Structures are given as C-alpha cells and as structure tokens.
Amino acid sequence: MDNLKVVGKKIPKIDAPLKATGAALYIQDVKIPGMLHGKILYSQYPHARIIKLDTSKAEKLPGVRAVVTAKDMPPNFRIGIMKDNPPLKSGKVLSIRDEIAAVAATTPEIAEEALSLIEVEYEELPGIFDPLEAMKEGAMLIHEEAKSNILKMPWRLICGDVEKAKQESAYIVEDTFSTQWVTHCCLGTSGCVAHFDMHNNLTMYSNTQIPSLAQNDFVEALNAFGLKNRRVRIIQAVIGGGFGSKLDTYAYEYIAILLALKTRKPVKIIFTREEEFFATSPRQCTITKISHGCDKDGRLTFRDVEMVLDNGAYTSWGATTPSVMMLPISSLYKVPNVRYIAKCVYTNNTYCQAMRGYGNPQATFAIESSLDQLAEKAGIDPLELRRINANEPGEITPQRFKITSCGMKECIEEVYKRLNWKEKRGKDNGRGVGMASLIHVGGGARVYKSDGCGTIIKMDDFGKVDVFTGASDIGQGSDTVIAQIVAEVIGIPIEDVNVINNDTDICPWDVGVHASRTTFVAGNAALGAARKIREQILEAAGKILDEDPADLDIKDGMVFSTKNKEKSTPLGKALRKIHYTLGGKMLMAEYFYDPANENFDKEFKGNLSVSYAYGAHGVEVEVDRETGKVKILNYVAAHDVGKAINPLLLEGQIYGGGLQGIGYALGEKMVYQNGRLMNGNFLDYKIPTAKDVPPIQPVIVETDEKDGPFGAKGIGEPGLVPTAPAIANAIYDAIGVRIKDLPITPEKILAALKAKDK
Amino acid sequence: MKTVKVTINVNNEKIKLQVKPYETLLETLRERLALTGAKEACSLGSCGSCTVLLNGTPVRSCLILTPEVDGASITTIEGLKEDGKLHPLQEAFMEKGAVQCGFCTSGMIMTAKGLLNRNKKPSRAEIIKSISSNICRCTGYKKIVEAVEEASKKMA
Ligand code: FES
Ligand code: FES
C-alpha cells in the first residue's frame, strides 16, 4: 500500500477542465433538431375537485403541437413506490404540485402562453396538512381507495426487551424532537428530453441518479402505452447536483414521453427554479418521540423511538427512509435493547423523497440530542458518555450489522482534542461546545434486489484505457476515483484513463448513486475489471518479451521484466502487437461487483452493508443572548473513511456536506402554509453562502476497511448527518436552552431563553 | 414579431444581432450564440450562475435585456482563455478542487474575475464578500475561496 502512485493522492477531478471552461453540457444545454418544449400546468389548490378542464383554446395557439391531460395517459398507469401517483391527474387533485395538463410547443414562451389558455374550474376541498390530524380515527382519507392515511408499511424494529430495560435503568430521559422540510436546491434544475425513433424505441436524455432503474421504469411505461418490447436508452447529461433528488422517476418525465409520442418530436422539459422548489420532493419532516436509558455507569440500556413522518400526497423513496433511520436507531453506540416504530402519513402536502442521508439526519438529531439530556441526568460529561458507549470493530449490533472497521473512538478523540473540550465546556459564558457522532452505510446498502455495479475495460491500440462504468457522477467525483483505481492497478498515468458513465446502451448496470455507495461498490467493480485486464496484458506481454508473466510489471505505461530491466516494451506497442497479428485480439475485461450484504428480513434485521462509516462532529458556538444569533467559532468534522482514495475530493464532500448540515441546523426551512409553499425561491429560502462558512476542520481517520477498494468506505452523505445535533448540543452548553425543533432560529432561541428566565 | 438590432462585442468579436425586445442577455448568449457556459439556475438574479462581464464588471445576464447593452463588451467563460491558455482562475478552480457538479462554476469564475479586475490582491474577506453573491450547493465554498486566492497570487 505504501508505494501507491495514484490512489491516495490529491488529484483534481478529471471533469474539472470541462466544467471550468463552461464546456460541460448539462440537460439545459441539450438540443436536438426539431425539438419541442414542454411545460406543465399544476393545480391551483392543494385539495380540490376538477369541475372543468378545457384545453381547446390552448390547442389553437400557433406553435402548439400537443396538449395532453389525464385522458391521454393509459388509464391505470401510476408511478411511485406504492403506485399511487398518476402522472397527470383527473377528478381530484391532492397537492399543490399535482400535474393536470401539459403542452408541447415550438418555443418555451409559446408553451407558457398555452398553459395560460387552459381553462380549469375547481371546487376547493378542505385539506389535511398535519400528519397528526391525518392519523386520527375518522380523518378524511387522502386516497379514497385506501383504508387509512397511514401508509401500509410496517416500520417496526424490536431488538431485546425495552420494557424490561426501562425497569432496570438507573437514568431515563424522554422527549420529542421535530424536523422541517428542506430541499436539495441542486443548482441545475430537473429536466429531460424524450425522443422516439421510428420504431418507437425511446431515448431519454436525463440527469437521473439511477439510469438502470429509470430505464426499467420507462420500459414499464412504454408497456402501459401499448408499446411492448421496445428499447429504452438513457443518456445522462452532466448532472448539476443530485443529493438524492434524482433517485426516482417523476411525472414530468412521463409527461415528456407522452408529448414526444404524440408529436413524434423530441420534447424537452426543464424546470424553472420555482418548479424546482415546489414540484420536486424534499426531505421529509418528522416528529420523533425518543427515550433513552443507561445504568449508573453510563452504559446505555435501551433506546425507544416512535416517529411520525409527513409523507405528503404520494409516495416516493421518502416513504422508505425509516429503513435507514433504523441504522442509527439500532446501532449508533452500543444499545442492547431497541424499539422503533414509524408511521408515514398521507397528507395534502408535497410528497417527499430521499435527500443526502436518507433519514439519518432526522434520526440522529433526535438520538444525539436525547443522549446529551441523558448525560446530564446521569451527571456524566456528554463526550465521556459517548466514549463509554462507542462502537467497536468486531461488534454485531442488535439489528445484526456486522461491524468490520470502526474508527468511532478515534473520531471522538479528535473532537475532544481539536475542540479543546475540557477547557471549553460548561463555562456558562455564552460560549459552548457540543458534539454528535454518526453511523452510516459505508459499503453499499442492499435496499434493492441487487446492490451491484458493472465495469467494462477496453484497451486501445495506444496504451490508453476506456472504462465503462454503471456509476453516475453527480459532481462528487466518482469518475475520478474510478480512474485512479484503474490507473493504479494497471500501472498507467491517470491521464490515460477515460471514464464513460452516461449511456445505458454501452455502460453496464448499476443500482444508482445513493447510499454513499459509489466509491465502495463502483470502486470495487473497477478494481475487479482492472485486475483482470492487467492479467491479460501481462500474459500477452510475456509472450512478446519471452518472459514469465509473473516476472512482469507495469509502471508509467511501460511493461518490463522485474528480473531483467533491459526487457521492456511500451504498453501501446505491446497492445498493437497483440492486435495486429494473425489471430490477434483486443484486450477487454468485465467485472460485476455485488457486495455480500443482506436485504433485511421480515423483522428488518440483517447486514445491510458490508461496512459502516463512522464519524464525530464537534462544534464550538457563541450565542448572542440579545439577538439569539448563533456563531460557529470552530467546527471539527472527523470521519472514518477507511482510506482516502482522493483527499482533495474527500475534503470537498466534508466541506460541502457540512455546510448543507449547517443550513439544515440553523436556517433552511420550506415554509408550507395549508399545503402551499410560501418561500420557493433563493431569496426567501436561504441556503448558506460563502459568508456563512465557519472554520471547518476536516479530520480524516483511516481504518483500512478490508472489503473496500484500497481500504475505502463511503463518505457522500456522512458529512451532514451529525451536524444539527452537534450544534444544538453546543448551544445548550452555551446558554442552557435546548432547541428541539429544527431549524434553530434566533427567534426560537430568544423564546426559549425567555421561557427559561420565567 | 418585432425585433431590435443590436451590436455587441462578445469575447472580442463584434456581433450584429436581431433580438426580441424583451430578450435577456442570458438567452442571447445561450440560445443565439451557443455560449452555454453561463447557466440559468434561477432567472431572478438570486444565484449568480449566469454571471458574465459587461465592460469588465460582473453582471447577472438573466436580469439584463440584450437591447440595453447595445455597443457593450461582454466576456463569458468561453472568452476567458488568454493566448490559448486557460486563465489562472480556471486553473486554480480545477487544481484546488473548487468544482463539483460545476453548475455554479462559470458564474463563480466570472464573479471572481470581476473582483480581480478591480482589485488585484483581494483579502480573504474581500473574496468571501464578492463570491457570497453566488450560490454553490456542492462545495461548501472553502475551496472556491482558496482557488481565488491562489489565482490572485499567481497573477501578481
Ligand atoms: S440565473 Fe441569473 S442570477 Fe440566477
Ligand atoms: S459545484 Fe455544484 S453548485 Fe457549485
């Protein structure tokens, strides 16, 4: 491992030149001859009956090529994980983002104008916007055909005996915590171009995070349209940010397909920023009742969690985030007895989706805030309480996660040291420190039938390599990591590696860029393929150089004998010899890596990931008692990443994730009033800018994960998981008030201070 | 449809155009001149990804109507190269890891270029102030600030 040439180095992203010159083509930049522009008409009410829908005027507008409504969609076609969402709605609308009609026209302006000519009359209906209301016996049903507003999803995890543990605990705390809607705010808005060929095969230009699963979804859609046995090709443009927002397929994509089918032209739909705010799916808000206990020495005895999630009107992956919330709930620190029951509830609000962390930030906010309360009750320093209960390598957790590498203790010690914990804590001077830890999947996550990724490697005639991977790069830099791994294994400079990742016609299958899995899973797939191709090269070069392949090595693109340095050949020359010979061949290799992790069993137990990522964040804050403003003075983000394949990009994930976490903790909130978004723009929904960046110290802890490529684990999501509770805990240390409802705004702090003084 | 004649100098090339009276500079650049480096991420002047230089000063091209800038000089990210070489800002953004998804990158670089045009040696605080007009959701800004610092050092 010591003489690594490419892996472990701060190598700039291989796609940075394209992006720094403005040459990268995003979905917004895709143009196809004859292309039309699609626009969608949304409901004006969060809950209403459509009395009249008249598109005749819109159809007559010059330049309009098609107007579609629900009656143009196959009658029973539904999307969403519970198949509850018709891409175009008729009869009733259930949320403010319900799509009721769409237009394709020769220019975006004409399409827009046509929308304004569509006449709709509604009968407004009372809505339910509070999940607790929606859960009540006899509440109006959002989906009339369902028996209850509570989704039929049995989120229920029981490990050990919580009731008994409660009896035996020396200290117990209980409280309720809640979190808000926040949205991804990818700078590149959603969009696609749908294009049929003469045989009704579909090409979809897309910025999806799940090309293979999207392909599957669209094949199903074509079947529903009566186009059986057609091919679907997904071509991804450069993706302007993902963060989980593009983990599903959405109504707009099916609408584009329908419009393309009707007009026989390519149809492009690009969201405006306004649409991106109200018509995409945010991170769900949660209400969490949590109780924790420990014995007199501070050892955790149980964790008991009940949660309600506002699912909104339809289902997407957001409804499955409790499956990942279980991970910290059962296994963050050693807790022998665990109970977790979650209910996702239909309301007339916007429906929710995955967002970086997949439920983990909400769960960890409750857990880590509650642990501080427990530490106080037990009279133990909160960091010490975490030391006592820290996870360790070799542990099997109550949910049956097999912990391999684990740097949690090291991360906690880094926080202790770098924050100057002992000095700074408990000063009661308006300044305080707090911390929180994290566990996340770090070696894939088997949430689908396969957690795999394929890679194909092809050598050209010049010693250069084409790598076809299923893995999508959403900006995090997975292409670069894959190129590093391939270059390292074969023994060539990274400049000689070309990564192709954006076309389902040529790239192998991958489940998608989620669960911080790409470095681990796609990295292992690339590693496997690179080893195979190296073997082939050495084998063939052995014949050319008349040497035993076992005595050959490759460095900087030269194949040479380790015994006799005279015997060598440039890789390209060797490849040409192999190729241009009677009976010659081109060297190619493929590898499909599917990690040895497990789907949960019926009780939601099983080893979800091959390895787990750990970390601890520590924060020092100063709180102004007059204004309620929180200033972060120091922020330590320590992460166990197994091995840093590229420290430059890794830091980028920690800085970027950390700042998203700070936004989540201290300011971001989608304000919904009776189902309507009140702050759907960048002026009113404030995401952090350069002025809001505190001093963040990323600390990389390497634990050499045995199953990871070169020892690496995932880091895409962990950066924002423990941020909010670490800040909340620091605020408590500073001024003695605990904010239990995110985001922590100055108003809430002032109100809490006032209540405390009473 | 009524159109307006304008002459603008884009990346050192004089261009005559007929544009819609309400056409934004961003639309002219992207749709008419195929200069798609400037990005539209809000069209309300609130994100900065459409930033270009107007007579050397950074502006939000989504807020400017092309007829208003008749006779002016526009520089976009595509025109930043000098003597066929990338601008030090471009180099620094690449090397310092200031680029992730890249959607904000053109706007950030052009904003920074505007800053360096008026202030060759900006302090860290001045850099932060200047780029805080632009939104980046990916990087956490740290490496963007470092990249601008690095470029200004190299250009000194
Ligand atoms: S697109 Fe111009 S400022 Fe956002
Ligand atoms: S790099 Fe993605 S928005 Fe800045």
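Residue numbers (the working numbering), protein chains in the order written: chain A, 7 to 764; chain B, -8 to 147. Virtual Cβ for every residue (Gly too), placed ideally from N, Cα, C. Note that the structure is predicted; figures quoted are calculated from it, not measured.
First through last residue of the beta strand (DSSP E) which encompasses residue i
i: Val629 of chain A; result: 618 to 629
i: Leu558 of chain A; result: 558 to 561
i: Thr461 of chain A; result: 459 to 465
i: Thr209 of chain A; result: 208 to 212
Residue i: CB within 8 Å of a non-hydrogen atom of ligand 2
i: Cys41 of chain B; result: no
i: Leu391 of chain A; result: no
i: Ile126 of chain B; result: yes
i: Thr356 of chain A; result: no
i: Gly725 of chain A; result: no
i: Met361 of chain A; result: no
i: Thr130 of chain B; result: yes
i: Gln91 of chain B; result: yes
i: Gly664 of chain A; result: no
i: Thr96 of chain B; result: yes
i: Met101 of chain B; result: no
i: Gly246 of chain A; result: yes
The alpha helix (DSSP H) enclosing residue i, as first and last residue numbers
i: Cys417 of chain A; result: 414 to 424
i: Leu147 of chain A; result: Looking at the DSSP string, Leu147 of chain A is not in any alpha helix (DSSP H), and its letter there is neither H nor E.
i: Asp378 of chain A; result: 366 to 384
i: Val244 of chain A; result: Neither: Val244 of chain A is in no alpha helix (DSSP H) and is coded neither H nor E.
i: Ser443 of chain A; result: Not the alpha helix (DSSP H): Ser443 of chain A falls in the beta strand (DSSP E), residues 437 to 447.
Chain A within 9 Å of residue i, Cβ atoms only
i: Ala32 of chain B; result: yes
i: Gln148 of chain B; result: Outside the displayed span of chain B (-8 to 147) sits residue 148 of chain B, for which this structure offers no information.
i: Cys38 of chain B; result: yes
i: Glu141 of chain B; result: no
i: Met146 of chain B; result: no
i: Glu4 of chain B; result: no
i: Thr96 of chain B; result: yes
Beta carbon proximity, residue i to chain B, threshold 9 Å
i: Asp485 of chain A; result: no
i: Val244 of chain A; result: yes
i: Asn222 of chain A; result: no
i: Asn507 of chain A; result: no
i: Val699 of chain A; result: yes
i: Pro272 of chain A; result: no
i: Met7 of chain A; result: Reliability fails at Met7 of chain A, whose pLDDT of 49 lies under 50, so the model's placement of it is uncertain and no value is given.
i: Arg424 of chain A; result: no
i: Glu541 of chain A; result: no
i: Pro724 of chain A; result: no
i: Tyr364 of chain A; result: no
i: Asn640 of chain A; result: no
i: Ile721 of chain A; result: no
Residue i - partner residues in DSSP beta bridges
i: Tyr132 of chain B; result: In DSSP, Tyr132 of chain B forms no bridge with anything.
i: Thr75 of chain A; result: A:Ala107
i: Lys719 of chain A; result: Paired residues: none, contrary to the question.
i: Thr15 of chain B; result: B:Leu56
i: Ser184 of chain A; result: A:Ile293, A:Asp747
i: Leu683 of chain A; result: A:Tyr678
i: Asn91 of chain A; result: A:Ile85
i: Gln50 of chain A; result: For Gln50 of chain A, which the question treats as bridged, DSSP gives no partner whatsoever.
i: His78 of chain B; result: In DSSP, His78 of chain B forms no bridge with anything.
Cβ-heavy atom distance, residue i to ligand 1, below 8 Å
i: Leu17 of chain B; result: yes
i: Glu674 of chain A; result: no
i: Ser123 of chain B; result: no
i: Arg682 of chain A; result: no
i: Lys692 of chain A; result: no
Open item on the list: Across the region 595 to 602 of chain A and the region 626 to 634 of chain A, are there enough close Cβ pairs to call them in contact, namely three or more that are closer than 8 Å?
Closed with: no
TODO: Pair every Cβ in the region 505 to 525 of chain A with every Cβ in the region 473 to 485 of chain A, then say whether three or more of these pairs are closer than 8 Å.
DONE: yes
Open item on the list: Does the region 711 to 729 of chain A come into contact with the region 612 to 622 of chain A, if we say contact requires no fewer than three beta-carbon pairs (one atom in each stretch) closer than 8 Å?
Closed with: yes
Open item on the list: Would you call the region 449 to 466 of chain A in contact with the region 727 to 734 of chain A, where contact means no fewer than 3 C-beta pairs closer than 8 Å?
Closed with: no
Open item on the list: Counting beta carbon pairs with one atom in the region 318 to 338 of chain A and one in the region 93 to 105 of chain A, are three or more of them shorter than 8 Å?
Closed with: yes
Open item on the list: Contact between the region -3 to 11 of chain B and the region 59 to 73 of chain B is defined here as three or more beta-carbon pairs at a separation below 8 Å; is this criterion met?
Closed with: yes
TODO: Decide if the region 109 to 128 of chain A is in contact with the region 47 to 67 of chain A; the criterion is three or more beta carbon pairs, one per stretch, under 8 Å apart.
DONE: yes
Task: Given 8 Å, three or more beta-carbon pairs between the region 373 to 382 of chain A and the region 400 to 415 of chain A - done: no
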